[in-house]
DNA sequence: GTGGAAACGGAAGACCTGCTCCACTTAGCT
DNA sequence: AGCTAAGTGGAGCAGGTCTTCCGTTTCCAC
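Have a look at this one:
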């Protein structure tokens, strides 16, 4: 979660960075991970620089475009999602695998705004992060097919549906609304299963009359 | 949808506006409805003024705070949602009423970013729009109880759950993704019903390999 | 028609944000 | 140690948005 590719930055022919530059690069990546998770992918570079303890100029020199930073960061985060999907697909109980993946995915996206945005961009086929989708889609598709062949998942849904469902639920609520998200994952899963006689019990949520800060986050306005 | 309270603006003791002022006020409200629907509640006042064909100063004089404008606008929009919920609750077939309300609500929120934000704020208990929730919550609760008493809706969900579900699905996709939203409303409804033997058929969506612009919209960063 | 209060509009100032640039510092080689 | 190229940081500029302010226009009561 915090290891960083040491030097070779895509182009293996590039001369290695100086030691201090490499150290700062790592600091910037760590800071960006933190800031992007909290504020989303268009957080100010100033903030990233402040958290990293370097000047803005340094951030811009190392990552001239925002995409460069995002790309460097989320390669590994996407890997984590792919790994989790494969793990879920390997579960001997296919339904349990699917359930686990949905819960985990919703929580991961809720905890990290940047991740949510990257996955959305990957789904949308954005050039630079498209490689993310190319790895992600097969993994989720495999999970879906696995559950469908076992006859527990309805046959008319695709991996894309699962991705969108995770994204939808992941947008619900603030940081401490984990219970609420579990509730909606359970609800969606009751819609995803092939058939059922009774509803799956939902996690109870105690919301006070004036403590309904649990709604879906507002959309952002386009630039 | 386009009628506007002529003069009495909250305070009945206020002297009536001059005729031109009243005309401009109506123009501003119409423009704001359009602009807020497209761009969300924090669209620039400049844009509202431009669309209304008045100067920015006029907008600021009539509505010194953004909240004043939002409040004046969405009183009636919330009324429309309440009316739709009551209509749905009055349906002799309670399940059909619920299905119709979810489809309508998701589409309404997708078509109007401003409405989505206001409903979110209302759910969150925001002071000025709190009155909206006070009217909305009972209407949706009645719809839910109606369906539950008829034994078609699972008993462990509340009106709030319905509101959040509508909001979640309403965030999916862009303007022409109505089909996709229908798909997820159907899926959620299959999770909401008391029991079912087979999945409800989902509306088919044809998405090309690189036309996956169907993901949930990104979250916005806080000010 | 006239006087004066109300309303108008948009230029201008305050502010905020993304990015560049260059005088200075530092690592690493000899 | 001394030299040089690589690296640094933050002041400052450009471009954008929000809000105010005041000279001009419009309405309406008389």
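Chains as they are written, first to last, in the UniProt record's numbering: chain C, 1 to 223; chain Y, 1 to 223.
Where is the CB? At the ideal position from N, CA and C, for every residue including glycine.
For clarity, every value in this text was computed on a predicted model and none was experimentally measured.
About 4 angstroms separates the Cβ atoms of residue 94 of chain C and residue 147 of chain C, confirming a contact at the 8 angstroms cut-off. When DSSP states are grouped into helix, strand and coil, residue 54 of chain C belongs to the coil group. Contacts with chain C at 7 angstroms (Cβ-Cβ) do not include residue 134 of chain Y.
Exposed is the label assigned to residue 60 of chain Y, since fewer than 16 other Cβ atoms lie within 10 Å of its Cβ.
In this structure, the CA atom of residue 74 of chain Y is about 13 angstroms from the CA atom of residue 135 of chain Y. Residue pairing of residue 196 of chain Y in beta bridges, as defined by DSSP: C/196. For residue 153 of chain C, the beta-bridge partners assigned by DSSP are C/193.
In the DSSP annotation of this structure, the continuous segment of the alpha helix (DSSP H) that includes residue 103 of chain C starts and ends at 94 to 111. Here residue 163 of chain Y really is in contact with residue 140 of chain Y; their C-beta atoms are around 6 angstroms apart, less than 8 angstroms. In the DSSP assignment, residue 204 of chain Y falls outside any alpha helix (DSSP H) and carries neither an H nor an E. Residue-level contact by beta carbon fails for residue 112 of chain C and chain Y, as no gap is shorter than 7 angstroms. Only those residues of the region 189 to 203 of chain C whose C-beta falls short of 8 angstroms from the nearest C-beta of chain Y are listed: 189, 190, 191, 192, 194, 195, 196, 197, 198, 199, 201, 202.
Annotation for residue 91 of chain Y: no alpha helix (DSSP H) segment contains it, and DSSP assigns it neither H nor E. Taking the beta carbon of residue 46 of chain Y as reference, no residue of chain C falls within 8 angstroms; the closest one sits roughly 14 angstroms away. When C-beta atoms of the region 46 to 61 of chain C are compared with those of the region 105 to 121 of chain C, fewer than three pairs fall below 8 angstroms, so the two segments do not count as touching. Taking the Cα of residue 189 of chain Y as reference, the smallest distance to any Cα among Y/101, Y/32, Y/41 is reached at Y/101. By alpha-carbon distance to residue 32 of chain C, the top candidate from C/16, C/124, C/137, C/71 is C/71. Residue contact with chain C for residue 141 of chain Y: absent (no Cβ-Cβ distance below 7 angstroms to any residue of chain C). Of the other Cβ atoms in all chains shown, 16 or more fall within 10 Å of the Cβ of residue 62 of chain C; this residue is therefore buried. Check the Cα spacing between residue 91 of chain Y and each of Y/191, Y/203, Y/143, Y/173: the tightest is with Y/143. The Cβ of residue 50 of chain Y sits no closer than 7 angstroms to any Cβ of chain C.
In the DSSP annotation of this structure, the continuous segment of the alpha helix (DSSP H) that includes residue 23 of chain C starts and ends at 19 to 39.
Residue 179 of chain C and residue 44 of chain C have their C-alpha atoms roughly 31 angstroms apart.
When Cβ-Cβ separations below 7 angstroms define contact, residue 156 of chain C makes contact with chain Y. Between the alpha carbons of residue 185 of chain Y and residue 98 of chain Y lies a distance of about 11 angstroms. Of all alpha-carbon atoms in Y/204, Y/38, Y/173, Y/48, the one lying nearest the alpha-carbon of residue 24 of chain Y is that of Y/48. Straight across, the Cα-Cα distance linking residue 117 of chain Y with residue 104 of chain Y is about 17 angstroms. Nearest to residue 38 of chain Y by C-alpha distance, out of Y/51, Y/167, Y/17, is Y/51. Residue-level contact by beta carbon fails for residue 73 of chain C and chain Y, as no gap is shorter than 7 angstroms. The beta carbons of residue 133 of chain Y and residue 150 of chain Y sit no closer together than 7 angstroms.
When C-alpha distances from residue 204 of chain Y are compared across C/155, C/138, C/183, the shortest belongs to C/155.
Per the coordinates, the alpha-carbon of residue 152 of chain Y lies some 20 angstroms from the alpha-carbon of residue 84 of chain Y. Rounded to the nearest angstrom, the gap between the Cα atoms of residue 29 of chain Y and residue 19 of chain C is 59 angstroms. With a threshold of 16 other beta carbon atoms within 10 Å, residue 53 of chain Y falls short and is exposed.
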